[in-house]
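Protein chains in written order, with the working numbering: chain A, 320 to 431; chain B, 196 to 311.
Just so it is clear, CB atoms sit at the ideal spot from N, CA and C, and this is done for glycine as well.
Just so you know, these numbers come straight off a predicted model, no measurement behind them.
Below: one structure, written as structure tokens.
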Amino acid sequence: GENVEQHPSTLSVQEGDSAVIKCTYSDSASNYFPWYKQELGKRPQLIIDIRSNVGEKKDQRIAVTLNKTAKHFSLHITETQPEDSAVYFCAADYYGNNRLAFGKGNQVVVIP
Amino acid sequence: GAGVSQTPSNKVTEKGKYVELRCDPISGHTALYWYRQSLGQGPEFLIYFQGTGAADDSGLPNDRFFAVRPEGSVSTLKIQRTERGDSAVYLCASSLTEHSSYNEQFFGPGTRLTVL
Numbered sequence: 320g321e322n323v324e325q326h327p328s329t330l331s332v333q334e335g336d337s338a339v340i341k342c343t344y345s346d347s348a349s350n351y352f353p354w355y356k357q358e359l360g361k362r363p364q365l366i367i368d369i370r371s372n373v374g375e376k377k378d379q380r381i382a383v384t385l386n387k388t389a390k391h392f393s394l395h396i397t398e399t400q401p402e403d404s405a406v407y408f409c410a411a412d413y414y415g416n417n418r419l420a421f422g423k424g425n426q427v428v429v430i431p
Numbered sequence: 196g197a198g199v200s201q202t203p204s205n206k207v208t209e210k211g212k213y214v215e216l217r218c219d220p221i222s223g224h225t226a227l228y229w230y231r232q233s234l235g236q237g238p239e240f241l242i243y244f245q246g247t248g249a250a251d252d253s254g255l256p257n258d259r260f261f262a263v264r265p266e267g268s269v270s271t272l273k274i275q276r277t278e279r280g281d282s283a284v285y286l287c288a289s290s291l292t293e294h295s296s297y298n299e300q301f302f303g304p305g306t307r308l309t310v311l
């Protein structure tokens, strides 16, 4: 099945700096790559997603890039704020359907 | 409108007991997913439904786990003869359809299951 790995496991950044989280996946048939944010004790919430027919997508301070050849995709958060502190999960669909395989998550800590 | 809801929010049970976890998806969403999230891990796929039928149950860990969605809306995850290793947060998600248009999966708040 699909295997998704995230790096680094924990990331600390100064407020205002950028944060980058990278994920790799194994299934070359995967076409959909969402990123979820989960605050402590809360439900995962989608923050951005990308499909395999595009290489980059932006939404205000958040962007995702996809390299299908290398099978990796990255989340970029610019001008980080304390409310960006959370665990971020990347995911990829199995064999091109809507089942999702998640990575283990990255703890992002924004230091005021 | 209301999001995905799950009940109970917490469930403590003893080893060997039977439990049922309920998920109420967003109205009109035909696809429903169950995931399990252990501490420090990402959600792990268990099963998904398209309408009333289980379209893919390959993530269920063993035959003690079973899920139903008899009317194509509310779903119940059932765990027989619970074991301590079943302790986790059980998350439910729903999406408009499960087709390759990749509709967003909206998650519920989860049920935290503790098996003593």
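| request: Note down, in chain order, every chain A residue with its Cβ under 7 Å from the Cβ of D280 (chain B). | output: Numbered from 1 along the second sequence, position 85 holds the residue referred to as residue 280 (chain B). Before going further, note that residue 280 (chain B) is Gly rather than Asp in the sequence given. In chain order: nothing, as chain A lies at least about 18 Å away.
| message | Run through chain B and tell me which residues come within less than 9 Å of F421 (chain A), C-beta to C-beta. | response | As a first step, residue 421 (chain A) is located in the first sequence; it is residue number 102 there, counting from the start. Going along chain B in sequence order, the residues near F421 (chain A) (Cβ under 9 Å) are Y230, Q232, Q236, G237, P238, E239, F240.
| message | Let's test the definition: count the other Cβ atoms within 10 Å of the Cβ of N205 (chain B) and tell me whether it reaches 16, buried, or not, exposed. | response | For the purposes of this step, residue 205 (chain B) is taken as residue 10 along the second sequence, with counting starting at 1. Exposed, by the Cβ-count rule.
| request: Tell me, please, whether the CB atom of D252 (chain B) is closer than 8 Å to any CB atom in chain E? | output: No chain E is part of this structure, whose protein chains are labelled A and B.
| request: Under the assumption that Y243 (chain B) contacts L255 (chain B) (Cβ atoms under 8 Å), give the Cβ distance between them as a whole number of angstroms. | output: If you number the second sequence from 1, residue 243 (chain B) lands on position 48. If you number the second sequence from 1, residue 255 (chain B) lands on position 60. So it is not a contact: roughly 11 Å between Cβ atoms.
| said: Once DSSP output is grouped into helix, strand and coil, what is the label at G248 (chain B)? | reply: One-based indexing of the second sequence puts residue 248 (chain B) at position 53. Looking at G248 (chain B) - three-state DSSP - the assignment turns out to be strand.
| said: Determine whether the beta carbon atoms of I221 (chain B) and F301 (chain B) lie at a separation below 8 Å. | reply: If you number the second sequence from 1, residue 221 (chain B) lands on position 26. If you number the second sequence from 1, residue 301 (chain B) lands on position 106. Yes.
| task | Give every residue of the same chain whose Cβ lies closer than 6 Å to the Cβ of A411 (chain A), excluding the five residues on either side of it in the sequence, and list them in chain order. | result | On the first sequence, residue 411 (chain A) is found 92 positions in, with the first residue counted as 1. Result list for A411 (chain A): E321, V323, Y344, S349, F352, A420, in chain order.
| task | With 8 Å as the threshold, decide whether the Cβ of Y243 (chain B) is near any Cβ in chain A. | result | Counting from one through the second sequence, the residue named residue 243 (chain B) turns up at place 48. Yes, its Cβ sits closer than 8 Å to a Cβ of chain A.
| What's the call for I430 (chain A), buried or exposed, on a 16-neighbour Cβ count within 10 Å? | By one-based count along the first sequence, residue 430 (chain A) stands at place 111. Exposed, because fewer than 16 other Cβ atoms sit within 10 Å of the Cβ of I430 (chain A).
| task | Under 6 Å Cβ to Cβ from I369 (chain A), same chain only, skipping five residues before and after it: list those, please. | result | As a first step, residue 369 (chain A) is located in the first sequence; it is residue number 50 there, counting from the start. F352, K376, V383, L385, listed in sequence order.
| message | If we define contact as Cβ-Cβ less than 8 Å, is N417 (chain A) a contact residue for chain B? | response | Your numbering for residue 417 (chain A) matches position 98 in the first sequence. With 8 Å as the cut-off, N417 (chain A) counts as an interface residue toward chain B.
| said: One question on the structure: do R264 (chain B) and T247 (chain B) come within less than 8 Å of each other, judged by their Cβ atoms? | reply: Here residue 264 (chain B) is taken as the residue at index 69 of the second sequence, counted from 1. Here residue 247 (chain B) is taken as the residue at index 52 of the second sequence, counted from 1. Yes. Within cutoff.
| query | Taking the alpha carbon of F266 (chain B) as the point to measure from, which residue in B:L241, B:Y230, B:S200, B:C218 has its own alpha carbon closest? | reply | By 1-based counting over the second sequence, the position of residue 266 (chain B) is 71. Reading off the sequence, residue 266 (chain B) comes out as Glu, not Phe. Answer by Cα proximity: B:C218.
| One or two residues paired with E324 (chain A) in a DSSP bridge | Within the first sequence, the letter at position 5 stands for residue 324 (chain A). E324 (chain A) pairs with A:T343.
| field | For R217 (chain B), the three-state DSSP class (helix, strand or coil) | value | Within the second sequence, the letter at position 22 stands for residue 217 (chain B). Three-state result, R217 (chain B): strand.
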